[in-house]
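Residue numbers (full-length UniProt numbering): 1 to 262.
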């Protein structure tokens, strides 16, 4: 039986929610939206209050104002300040970066985090990273969102049997405003919370997919100073929750059980 979902806008952020109980807050990646978390909302809403936000500049949230990780974090913190009780944060990529910032800003509110293919710092230290980043900017400058959507779709969901996932991703991605997407993308290099990780006492599940952009060794090094981090290495690519939602749900359920978040 499907639980009734609610859609609303709070503090300028559009949200999809369902269920009652302890709060699970889902934060999507760059160029995505709260739609990415439908499988998780459906699975966990019988026992949790599940909320997925559209970050500033994404989906149905406001497009106005500064567009950088700090502002996106401030938006989520302002939203969280209006909510009762504790929260577990689940973030993918950019969403994981924002989750870290939120936990640093409101440590007493966060009982745990699941960071999926996230970063403690966004650096372009090697040639491969710089080339991939510049390629994305070139697609934006010279051709536009549709070709970029095609390229990213093939990168995220390369298998022949993932054709439907590629199609869904591309249809959603092209809804992004080119200016907004480019501004956020250009704001990422140089971002870092690595020096502050040692202050995060909450349990953190670090998910590093087998075929993610960031190699496992680099992710482990970035998060080495976390007091209570645990690493998981499922098979998959960068958008792993969409690629294998059942496995994502099982891992999150296991994590919530381990930290006694009921």
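The beta carbon of each residue, even a glycine, is placed where N, CA and C say it ideally should be.
For residue i, which beta-bridge partners are listed by DSSP?
{"i": "residue 50", "result": "18, 24"}
{"i": "residue 13", "result": "10"}
{"i": "residue 335", "result": "For the chain, the structure presents residues 1 to 262; residue 335 sits outside this window and is missing."}
{"i": "residue 192", "result": "121"}
{"i": "residue 115", "result": "91, 206"}
Got a sec, what are the start and stop residues for the alpha helix (DSSP H) residue i sits in?
{"i": "residue 122", "result": "It is not in any alpha helix (DSSP H) - residue 122 carries neither H nor E in the DSSP assignment."}
{"i": "residue 230", "result": "Here residue 230 belongs to no alpha helix (DSSP H); instead the beta strand (DSSP E) covers 229-232."}
{"i": "residue 155", "result": "145-156"}
{"i": "residue 70", "result": "69-80"}
{"i": "residue 42", "result": "38-44"}
{"i": "residue 253", "result": "245-258"}
{"i": "residue 175", "result": "Residue 175 -> no alpha helix (DSSP H), and no H or E assigned at all."}
Does the distance from the C-beta atom of residue i to that of residue j stay below 9 Å?
{"i": "residue 13", "j": "residue 87", "result": "no"}
{"i": "residue 16", "j": "residue 37", "result": "yes"}
{"i": "residue 119", "j": "residue 30", "result": "no"}
{"i": "residue 146", "j": "residue 174", "result": "yes"}
{"i": "residue 176", "j": "residue 58", "result": "yes"}
{"i": "residue 208", "j": "residue 235", "result": "no"}
{"i": "residue 157", "j": "residue 197", "result": "no"}
{"i": "residue 10", "j": "residue 64", "result": "no"}
{"i": "residue 22", "j": "residue 48", "result": "yes"}
{"i": "residue 154", "j": "residue 136", "result": "no"}
{"i": "residue 53", "j": "residue 76", "result": "yes"}
{"i": "residue 110", "j": "residue 40", "result": "no"}
{"i": "residue 133", "j": "residue 184", "result": "no"}
{"i": "residue 165", "j": "residue 243", "result": "yes"}
{"i": "residue 117", "j": "residue 258", "result": "no"}
{"i": "residue 225", "j": "residue 182", "result": "no"}
How many whole angstroms separate the CB atoms of residue i and residue j, which I take to be in contact at a CB cut-off of 8 Å?
{"i": "residue 144", "j": "residue 204", "result": "The pair is not a contact, with the Cβ atoms about 37 Å apart (cut-off 8 Å)."}
{"i": "residue 115", "j": "residue 206", "result": "6 Å"}
{"i": "residue 50", "j": "residue 18", "result": "5 Å"}
{"i": "residue 160", "j": "residue 200", "result": "Residue 160 to residue 200, Cβ: 41 Å. No contact."}
Start and end of the beta strand (DSSP E) containing residue i?
{"i": "residue 91", "result": "87-92"}
{"i": "residue 220", "result": "Here residue 220 belongs to no beta strand (DSSP E); instead the alpha helix (DSSP H) covers 216-222."}
{"i": "residue 207", "result": "204-207"}
Do we get a CB-CB distance below 9 Å when we pair residue i with the residues of chain D?
{"i": "residue 65", "result": "No chain D is present in this structure, which holds just one protein chain."}
Practice problem: Report yes or no: do three or more beta-carbon pairs, one from the stretch 60-74 and one from the stretch 216-226, lie closer than 8 Å? | Solution: No, they do not touch.
Quiz item: Pairing CB atoms from the stretch 91-109 with CB atoms from the stretch 15-34, are three or more of them under 8 Å?
Solution: As far as the Cβ criterion goes, the stretch 91-109 touches the stretch 15-34, which means the pair count is three or higher.
Quiz item: Does the count of Cβ pairs from the stretch 152-172 and the stretch 234-252 closer than 8 Å reach three?
Solution: The stretch 152-172 makes contact with the stretch 234-252, as at least three CB pairs between them are under 8 Å.
Practice problem: Flag this pair as touching only if the stretch 241-253 and the stretch 40-49 have three or more C-beta atom pairs under 8 Å; answer yes or no. | Solution: Contact between the stretch 241-253 and the stretch 40-49 is present, because at least three Cβ pairs lie under 8 Å.
Practice problem: Inspect the CB distances between the stretch 111-127 and the stretch 190-198 and report whether three or more fall short of 8 Å. | Solution: Yes: at least three Cβ pairs fall under 8 Å.
Quiz item: Below 8 Å, can you find three or more Cβ-Cβ pairs linking the stretch 127-137 to the stretch 99-112?
Solution: As far as the Cβ criterion goes, the stretch 127-137 does not touch the stretch 99-112, which means the pair count is below three.
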